[in-house]
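Asker: Please read through the structure below; I'll follow up with questions.
There are 2 protein chains.
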Amino acid sequence: MSKQELVVLGQDGADGCCPGLLTTPLGEERAVELAKVFKALGDPVRLRLLSMIASREGGEVCVCDLTPAFDLSQPTISHHLKLLRQAGLIDCERRGTWVYYWLLPETTDKLAGLLTRPGQPAEASS
Amino acid sequence: MSKQELVVLGQDGADGCCPGLLTTPLGEERAVELAKVFKALGDPVRLRLLSMIASREGGEVCVCDLTPAFDLSQPTISHHLKLLRQAGLIDCERRGTWVYYWLLPETTDKLAGLLTRPGQPAEASS
DNA sequence: CCTCTATGTTGACGAACTTCGAAGCAGGAT
DNA sequence: ATCCTGCTTCGAAGTTCGTCAACATAGAGG
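Same order as they appear, the protein sequences are chains C and D.
Under UniProt numbering, the residues of the first sequence are numbered 1 to 126, in order.
Under UniProt numbering, the residues of the second sequence are numbered 1 to 126, in order.
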């Protein structure tokens, strides 16, 4: 299932290794890589999907719990989930009849780190 | 100059007022608003522009310093800068012959906060 | 085996995006 | 006023994206 070519956000982010977006000019290859992840977040449907998955109590959501929240066909939801998966933001597994999705926090952590300025702790909101 | 309809990232983010992306399901309107900002970041050219602007010593960059870094026409760079500006990520001002751009850190701070999980400080990288 | 349900994949189409050249505008210099 | 330079806006071409209907697949249960 999770045999998609993921976007791997190289060395960086929360582990405090490599330059953040806001401190050092971004190289072209790295920009391309990063843009894929941000592009995945650049759609309202995908943002809501990610949010629904991330905020789920047990950490896992079945597709059948996601689809009814939208006025979209199931294939469209499936398509958006695939893009989020390819961006390395979520992963999934089939369990019997259903497929469960969960957040990959490393990726969001790295994005948050990249967008954080040196002096700014940027504690989680709420 | 800065009379663009900015995307205003409502109440949220670093000020710890409203739910982060990862803790509470996102409302539709808010998702649309947020998606515009992420979409602005979803292009390699714009990411590099933002990075170049943000990491500049004095905090300001002239367009003429940005353009040579790309294999793109000046109108194209101008277009991307406009999108970043409409997303509320940067602003600009004309001074004599040149136009200077600078980062609006409130917006990146808010994004970082939204992507940060409750337990995770997400200190700036590098 | 066959059928039913839950998901993913394919192909197609309109909308949106990226890019360019050409034209427009604002200021400084002549 | 006239020209030149720096930048933005306009209009068009090519590409990518979001969406759906139709089809394919995986597993459960007869």
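Glycine included, every Cβ here is placed at the ideal spot set by N, Cα and C.
Keep in mind it's a predicted model, so treat the numbers as computed, not measured.
Which residue wins for smallest C-alpha separation from C/V61, given the options C/R48, C/D71, C/S73?
Answerer: Of C/R48, C/D71, C/S73, the residue nearest in Cα terms is C/R48.
Asker: Could you pull the start and end residues of the alpha helix (DSSP H) that C/D71 belongs to?
Answerer: Here C/D71 belongs to no alpha helix (DSSP H), and DSSP marks it neither H nor E.
Asker: Mapping the DSSP letters down to three states, classify D/R56 as helix, strand or coil.
Answerer: Three-state result, D/R56: coil.
Asker: Can you tell me the Cα-Cα spacing of C/K36 and C/G42, whole angstroms?
Answerer: 10 Å
Asker: Against C/S55, what residues of chain D qualify as contacts under a CB-to-CB distance less than 7 Å, listed in chain order?
Answerer: L22, T23, T24, P25
Asker: Checking contacts by CB at 8 Å: is D/L111 closer than that to chain C?
Answerer: By this cut-off, D/L111 is an interface position.
Asker: Figure out for me which residue from D/L111, D/Y101, D/L115 has the closest Cα to the Cα of C/P105.
Answerer: D/L115
Asker: If you follow the alpha helix (DSSP H) that C/L114 is part of, which residue opens it and which one closes it?
Answerer: Unbroken alpha helix (DSSP H) run through C/L114: 105-114.
Asker: CA-CA distance, C/F70 and C/L50?
Answerer: 13 Å
Asker: Would you call the segment 52-66 of chain C and the segment 92-105 of chain D in contact, with 3 or more CB pairs under 8 Å?
Answerer: No, they do not touch.
Asker: Please decide whether C/K39 counts as near chain D, where near means a Cβ-Cβ distance under 8 Å.
Answerer: yes
Asker: Going by C-alpha to C-alpha distance, which of C/A54, C/R46, C/T24 sits closest to C/L72?
Answerer: C/R46
Asker: Mind pulling the chain D residues with CB within less than 9 Å of C/P105?
Answerer: Within chain D, the residues near C/P105 are L22, R117, Q120.
Asker: Since I believe D/S55 is in contact with C/P25 (beta carbons under 8 Å), could you give me their beta-carbon distance rounded to a whole number of angstroms?
Answerer: The Cβ separation is near 6 Å, so the contact holds.
Asker: So, is D/K110 buried or exposed, given that buried needs 16 or more other C-beta atoms within 10 angstroms?
Answerer: buried
Asker: Helix, strand or coil for D/D65 per DSSP?
Answerer: helix
Asker: Shortest alpha-carbon distance to C/V8 belongs to which of C/Y100, C/L81, C/L103, C/G88?
Answerer: C/G88
Asker: How about D/V8: is its C-beta nearer than 8 Å to some C-beta of chain C?
Answerer: no
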